[in-house]
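Asks:
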Amino acid sequence: MSRIRAFTMPKWGIEMTEGTIAEWMVHEGDTFKRGDTLCLIETAKITNEVEAEYDATVRRILAPSGAEAEPVGALLAIFDEGAHSDAEIDAFLAEFRPAEGGLAIGAGRAAAPAEPAVPSAEARPARTKIETNRPISPEALRLAEEEGVDLSGIEGSGRGGRITHQDVVRAVRGPAPLATKGLAALVADDGAVFASPLARRIAALHGLSLAGVKGTGARGRISKADVLALVPPSDAIGGIGAPAFMAGANRPEIVPFDRIRKVVAQRLTQAKQDIPHFYLRISASADALLDMRKSANLVLGCKASLNDWIVKASAVALVRHPDVNVQVHGNEIHRFPHADIAIAVASPKGLVTPVIRQADRMRIDQLAAESRRLIEKAQGKGLSMDDMEGGTFSVSNLGMFGIENFDAIINPPQGAILAVGAAQRQPVESPSGGATFETRISFTLSVDHRAIDGAAGAQFLQTLKFLIEQPEGLFA
Amino acid sequence: MAKLMYRDAIRNTIFQEMQRDPRVVVLGEDVVGGMGTAGGPEAIGGIWSTSTGLYDAFGPDRVIDTPISESAIVGAAGGLALAGKRPVAEIMFADFIGVCMDQLWNQIAKFRYMFGGKSICPAVIRMPCGAGYNAAAQHSQVIHQFVTNMPGLKVVMPSTPEDACGLLRQAIRDDDPVIFLEHKFLYGMSGEVSDDPEFCIPFGHARLARAGLDATIVAAGMMVGYAEAAADELARDGIGCDVIDLRTTSPLDEEAILDSVEVTGRLVVVDEAPPRCSLATDIAALVASKAFASLKAPTEMVTAPHTPVPFARELESAYLPSPAKIVAAVRQTLSYR
Numbered sequence: 000m001s002r003i004r005a006f007t008m009p010k011w012g013i014e015m016t017e018g019t020i021a022e023w024m025v026h027e028g029d030t031f032k033r034g035d036t037l038c039l040i041e042t043a044k045i046t047n048e049v050e051a052e053y054d055a056t057v058r059r060i061l062a063p064s065g066a067e068a069e070p071v072g073a074l075l076a077i078f079d080e081g082a083h084s085d086a087e088i089d090a091f092l093a094e095f096r097p098a099e100g101g102l103a104i105g106a107g108r109a110a111a112p113a114e115p116a117v118p119s120a121e122a123r124p125a126r127t128k129i130e131t132n133r134p135i136s137p138e139a140l141r142l143a144e145e146e147g148v149d150l151s152g153i154e155g156s157g158r159g160g161r162i163t164h165q166d167v168v169r170a171v172r173g174p175a176p177l178a179t180k181g182l183a184a185l186v187a188d189d190g191a192v193f194a195s196p197l198a199r200r201i202a203a204l205h206g207l208s209l210a211g212v213k214g215t216g217a218r219g220r221i222s223k224a225d226v227l228a229l230v231p232p233s234d235a236i237g238g239i240g241a242p243a244f245m246a247g248a249n250r251p252e253i254v255p256f257d258r259i260r261k262v263v264a265q266r267l268t269q270a271k272q273d274i275p276h277f278y279l280r281i282s283a284s285a286d287a288l289l290d291m292r293k294s295a296n297l298v299l300g301c302k303a304s305l306n307d308w309i310v311k312a313s314a315v316a317l318v319r320h321p322d323v324n325v326q327v328h329g330n331e332i333h334r335f336p337h338a339d340i341a342i343a344v345a346s347p348k349g350l351v352t353p354v355i356r357q358a359d360r361m362r363i364d365q366l367a368a369e370s371r372r373l374i375e376k377a378q379g380k381g382l383s384m385d386d387m388e389g390g391t392f393s394v395s396n397l398g399m400f401g402i403e404n405f406d407a408i409i410n411p412p413q414g415a416i417l418a419v420g421a422a423q424r425q426p427v428e429s430p431s432g433g434a435t436f437e438t439r440i441s442f443t444l445s446v447d448h449r450a451i452d453g454a455a456g457a458q459f460l461q462t463l464k465f466l467i468e469q470p471e472g473l474f475a
Numbered sequence: 000m001a002k003l004m005y006r007d008a009i010r011n012t013i014f015q016e017m018q019r020d021p022r023v024v025v026l027g028e029d030v031v032g033g034m035g036t037a038g039g040p041e042a043i044g045g046i047w048s049t050s051t052g053l054y055d056a057f058g059p060d061r062v063i064d065t066p067i068s069e070s071a072i073v074g075a076a077g078g079l080a081l082a083g084k085r086p087v088a089e090i091m092f093a094d095f096i097g098v099c100m101d102q103l104w105n106q107i108a109k110f111r112y113m114f115g116g117k118s119i120c121p122a123v124i125r126m127p128c129g130a131g132y133n134a135a136a137q138h139s140q141v142i143h144q145f146v147t148n149m150p151g152l153k154v155v156m157p158s159t160p161e162d163a164c165g166l167l168r169q170a171i172r173d174d175d176p177v178i179f180l181e182h183k184f185l186y187g188m189s190g191e192v193s194d195d196p197e198f199c200i201p202f203g204h205a206r207l208a209r210a211g212l213d214a215t216i217v218a219a220g221m222m223v224g225y226a227e228a229a230a231d232e233l234a235r236d237g238i239g240c241d242v243i244d245l246r247t248t249s250p251l252d253e254e255a256i257l258d259s260v261e262v263t264g265r266l267v268v269v270d271e272a273p274p275r276c277s278l279a280t281d282i283a284a285l286v287a288s289k290a291f292a293s294l295k296a297p298t299e300m301v302t303a304p305h306t307p308v309p310f311a312r313e314l315e316s317a318y319l320p321s322p323a324k325i326v327a328a329v330r331q332t333l334s335y336r
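Just so you know, the protein sequences line up as chains A and B, in that order.
Counted the way numbering that gives the first Met the number 0 counts, the first sequence spans residues 0 to 475.
Counted the way numbering that gives the first Met the number 0 counts, the second sequence spans residues 0 to 336.
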């Protein structure tokens with residue numbers, strides 16, 4: 000007997016909780032071959048193609064493209080070899096329970112025990128049934144039931160006191176706090192000039208005379224546009240006697256969070272709220288490292304950046320201090336033997352953190368090549384989930400912007416992140432008691448105190464400083 | 000400038016225009032005021048005192064006391080206008096417009112269009128209107144909402160003595176028929192009025208009566224004073240309102256309304272008429288379709304309910320918009336999130 004197969008929202012990486020069908024490449028009734036592209040799924044981090052793992056026919060599509068995000072494990076479509084009746088498909092659909100992970104396969108029945116793999120992002124309280132004989136729109140009633148709104152507190156604004164959806168929305172949201180901008184200067188209408196009220200107001204704000212201005216509004220009236228054409232360009236405003244404030248001139252451009260921004264916001268908020276951060280600061284002389292970089296680039300024929308060297312030094316230091324090379328999962332510390340170092344990269348889509356795997360095992364030229372590959376990918380067609388998954392430690396460098404030092408937010412589940420400042424020439428006391436100049440870099444290590452203690456972090460930084468100041472150790 | 004009452008501003012303007020232009024004639028019920036009484040002409044001076052002194056100055060050929068027939072008054076005004084006069088007709092109560100709807104709606108409003116623009120019909124029909132005098136359902140109505148709906152008519156609703164003067168002069172000199180609506184409650188209002196005999200206010204040019212950045216209140220005629228009172232009360236709490244006095248509802252100064260809502264994002268429309276198919280809904284629709292992106296809250300409408308005007312004093316005051324209702328509406332729109 001051929002099988003009915005459930006196609007569910009795959010789970011790409013530990014952080015993925017939901018995905019959205021960006022586009023279906025197959026439609027109901029289509030037959031596809033193994034390796035064909037079924038659909039594009041968009042997650043918080045990337046958009047990926049999903050390839051068919053077997054030959055089959057599309058019987059049902061349950062999640063249309065471009066709709067709401069579906070949780071991992073949610074049923075997206077039903078496939079079979081085309082042999083089942085619609086009734087059998089319906090029965091399969093009725094019995095289907097999502098299973099953990101990618102494809103759940105059922106031979107006419109649910110294969111896996113019922114388990115909501117990942118709770119839906121918005122767990123709503125159960126609907127409360129509302130019995131009322133007051134007039135109310137169906138959508139308003141649905142919302143009131145979902146939100147558990149007490150209808151007795153709502154005065155219906157519709158005809159005959161009918162409660163509208165907007166009434167319930169207002170009840171749910173509550174009144175806005177009073178925020179006012181106050182009065183504006185009232186510019187009297189003089190008979191000499193024919194201008195709209197706003198035109199007159201703008202002219203007064205800018206100290207412009209409207210006498211003799213030719214109006215392009217109705218019946219030759221001077222309109223807002225006519226006055227704005229006379230207003231000096233904005234860089235000229237602000238000089239002596241210029242108006243300080245212009246009503247409506249500073250309205251924001253509203254940019255809704257895109258998927259990446261949403262996930263970054265969610266994860267950073269969570270990290271900063273949940274993780275007890277503490278910060279350790281150190282600086283190291285970089286002169287030896289800069290010399291070493293020059294000759295190593297020449298010898299190895301690579302173009303390793305200063306940051307690549309810092310990643311390398313961090314990786315070596317992490318292996319020596321495995322207490323810092325950790326992830327935190329619930330009540331467990333996961334300690335890793337090798338350093339998978341995530342590097343913070345500004346991509347056109349926002350901050351991304353591709354991972355250089357087992358960086359401690361790489362020679363500097365290999366590491367430089369890998370970091371270059373990841374950065375180019377991030378700035379080009381985009382990183383895959385594999386590129387960003389995991390990581391035991393992060394390095395974030397703002398030195399190229401001249402930032403002296405800063406405190407980074409830990410990228411969970413990692414236990415620490417290193418913030419790297421600019422390499423700066425600074426005076427230091429020389430052994431002879433005079434002053435000499437050297438290039439110094441300042442580092443701030445943000446540490447998750449649940450998993451890493453102060454001494455462990457400090458020892459790590461000490462080793463990092465040693466490796467940077469005596470970089471021969473990086474080739475040991 | 001001179002301080003005048005609204006009714007005196009109207010009478011003075013008619014007087015000056017009759018002096019200036021011999022084509023201007025006045026007609027209506029009891030416009031002479033006292034004709035046929037023991038006191039003789041001018042003994043009473045017209046029930047609204049808006050035509051006192053005209054008969055003495057200009058005589059029976061130019062100040063015509065008509066029978067109690069609104070259809071005759073409006074019909075005669077239309078005929079006079081077609082024949083080259085500049086009639087200023089008065090309907091004693093706007094409520095009586097119903098009996099002359101053919102003359103007004105199907106004739107005066109259409110002449111210029113039906114004659115291919117070869118004829119004009121420069122008639123002014125003045126109509127005292129509005130509630131608040133405990134005068135019951137048949138003598139208390141406003142009619143701007145349905146005359147505004149009639150293409151071919153211009154509709155004027157002055158809110159101050161000065162506007163009454165400038166708009167009436169414009170109405171008399173205008174080549175199109177003008178419905179000139181005077182709220183009965185405003186007749187006693189005093190204010191500075193320009194004594195320039197050429198002072199005209201162009202139609203379709205709203206007045207900004209108060210300026211603020213938080214909400215836009217749109218009103219016309221009698222409701223402007225209420226809106227100003229509401230704005231002044233709100234200003235004490237730091238809430239600034241633009242109060243737009245439309246002056247004319249046809250043509251409508253869309254630009255003034257939209258410009259203001261684009262700044263404030265919140266609209267309150269005040270209208271003495273019941274809310275269905277009214278000036279209030281017209282402006283709410285205008286803003287919803289042309290400034291939707293600027294709106295931060297649903298438009299609030301402060302209007303009479305959909306009922307006849309009640310007789311009982313308490314009911315009548317509950318029926319009418321008031322400054323307190325406008326204040327509540329502004330606060331309601333500010334509380335939206």
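Each residue gets a CB set at the ideal place from its N, CA and C atoms; glycine is no exception.
Got a sec: is the Cβ-Cβ distance from residue 179/A to anything in chain B below 8 angstroms?
Replies: Taking Cβ atoms only, chain B reaches closer than 8 angstroms to residue 179/A, which makes this a yes.
Asks: Where does residue 396/A land, buried or exposed, given buried means 16+ other C-beta within 10 angstroms?
Replies: By the 10 Å Cβ count, residue 396/A comes out buried.
Asks: Taking the C-alpha atoms as reference points, what is the distance between residue 329/B and residue 241/B?
Replies: Roughly 11 angstroms between the two C-alpha positions.
Asks: Give the interface partners of residue 201/B over in chain A, defined as CB-CB distance under 7 angstroms, in chain order.
Replies: By Cβ distance, chain A contributes 193, 218.
Asks: Report the three-state DSSP secondary structure of residue 278/A (helix, strand or coil).
Replies: In this structure, residue 278/A counts as strand in the three-state DSSP scheme.
Asks: Can you give me the start and stop residues for the beta strand (DSSP E) that residue 77/A sits inside?
Replies: Taken as a continuous stretch (DSSP letters only), the beta strand (DSSP E) holding residue 77/A covers 74-79.
Asks: Give the DSSP bridge partners of residue 423/A, in chain order.
Replies: DSSP, once it has assigned bridges, lists 439/A as partnering residue 423/A.
Asks: According to DSSP, is residue 308/A helix, strand or coil?
Replies: Helix.
Asks: Report the residue ranges of all beta strand (DSSP E) runs contained in full by the stretch 323-403 of chain A; include only those spanning at least 3 residues, in chain order.
Replies: Here the runs fully enclosed are 325-328, 331-334, 340-342, 344-346, 349-351, 392-396.
Asks: For the beta strand (DSSP E) holding residue 214/B, just list the boundary residues, first then last.
Replies: 214-218 is the span of the beta strand (DSSP E), which, as asked, contains residue 214/B.
Asks: Using a Cβ-Cβ cut-off of 8 angstroms, state whether residue 172/A counts as contacting chain B.
Replies: For residue 172/A, the answer is yes, since a Cβ of chain B falls inside 8 angstroms of its Cβ.
Asks: Which whole-angstrom value describes the C-beta separation of residue 436/A and residue 463/A, a residue pair presumed to lie in contact below a C-beta threshold of 8 angstroms?
Replies: With a Cβ gap of about 22 angstroms, residue 436/A and residue 463/A do not count as contacting.
Asks: Quick one, which residues of the stretch 273-298 of chain B are near chain A if we go by CB-CB under 8 angstroms, in chain order?
Replies: Flagged, chain order: 297.
Asks: Where does the unbroken beta strand (DSSP E) through residue 153/B begin, and where does it stop?
Replies: Taken as a continuous stretch (DSSP letters only), the beta strand (DSSP E) holding residue 153/B covers 153-155.
Asks: What is the DSSP secondary structure of residue 104/B, counted as helix, strand or coil?
Replies: Helix, per DSSP.
Asks: Could you please tell me which residues of the stretch 24-37 of chain B, in chain order, have their CB closer than 8 angstroms to any CB of chain A?
Replies: Here the close residues number zero.
Asks: Please confirm whether residue 165/A has its beta-carbon closer than 8 angstroms to some beta-carbon of chain B.
Replies: So, interface residue.
Asks: Locate the beta strand (DSSP E) running through residue 3/A, then write down its first and last residues.
Replies: Run containing residue 3/A: 3-7, per the beta strand (DSSP E) assignment.
Asks: Start and end of the alpha helix (DSSP H) containing residue 206/B?
Replies: Careful: residue 206/B lies outside any alpha helix (DSSP H), inside the beta strand (DSSP E) at 206-209.
Asks: If I measure Cβ to Cβ from residue 121/A and keep anything under 6 angstroms in the same chain, skipping five residues before and after, which residues do I get?
Replies: A caution first: residue 121/A carries a pLDDT of 46, below 50, which makes its placement in the model unreliable, though a value can still be read off. No residues qualify anywhere along the chain.
Asks: Where do the N-terminal and C-terminal ends of the beta strand (DSSP E) with residue 2/B fall, by residue?
Replies: Here the beta strand (DSSP E) through residue 2/B covers 1-4.
Asks: Report yes or no: do the stretch 220-227 of chain B and the stretch 164-178 of chain B share at least 3 C-beta pairs separated by less than 8 angstroms?
Replies: Verdict: no, contact absent.
Asks: Rounded to the nearest angstrom, what separates residue 459/A and residue 322/A at their Cα positions?
Replies: In a straight line, the C-alpha of residue 459/A is about 9 angstroms away from that of residue 322/A.
Asks: Identify, in the order they occur along the chain, each residue of the same chain with its Cβ nearer than 7 angstroms to the Cβ of residue 227/A, setting aside the five sequence neighbours on each side.
Replies: The residues are 201.
Asks: Tell me where the beta strand (DSSP E) around residue 86/B begins and ends.
Replies: Taken as a continuous stretch (DSSP letters only), the beta strand (DSSP E) holding residue 86/B covers 85-89.
Asks: Less than 6 angstroms between C-beta atoms, sequence neighbours within five positions excluded: which residues of the same chain meet that for residue 161/A?
Replies: These residues qualify, in order along the chain: 134, 155.
Asks: Where does residue 15/A fall in DSSP's three states?
Replies: Residue 15/A falls in the coil class under three-state DSSP.
Asks: By the DSSP assignment, the alpha helix (DSSP H) with residue 191/B in it spans what residues?
Replies: Per DSSP, residue 191/B belongs to no alpha helix (DSSP H); it is in the beta strand (DSSP E), 189-192.
Asks: Going by other Cβ atoms of all chains shown within 10 Å of its Cβ, with 16 needed for buried, is residue 272/A buried or exposed?
Replies: Classification of residue 272/A: exposed, given that the 10 Å Cβ count is below 16.
Asks: Take residue 383/A as the anchor and find which of 31/A, 3/A, 40/A, 22/A has the nearest alpha-carbon.
Replies: Comparing Cα positions, the closest option is 40/A.
Asks: What is the DSSP secondary structure of residue 256/A, reduced to helix, strand or coil?
Replies: Correct three-state label for residue 256/A: coil.
Asks: Note down, in chain order, all residues in the stretch 248-264 of chain B with a beta-carbon under 7 angstroms from any beta-carbon belonging to chain A.
Replies: Result list: 254, 255, 258, 259, 261, 262.
Asks: On the three-state DSSP scale, how would you describe residue 249/B?
Replies: Here residue 249/B sits in strand by DSSP.
Asks: Whole-angstrom Cβ separation of residue 182/A and residue 211/B, contact assumed at under 8 angstroms?
Replies: With 8 angstroms as the limit, residue 182/A and residue 211/B qualify as a contact, their Cβ atoms being about 5 angstroms apart.
Asks: Rounded to the nearest angstrom, what separates residue 425/A and residue 369/A at their Cα positions?
Replies: Approximately 32 angstroms between the Cα atoms of the pair.
Asks: Going by CA-CA distance only, name the one from 142/B, 44/B, 160/B that's closest to residue 0/B.
Replies: Answer by Cα proximity: 160/B.
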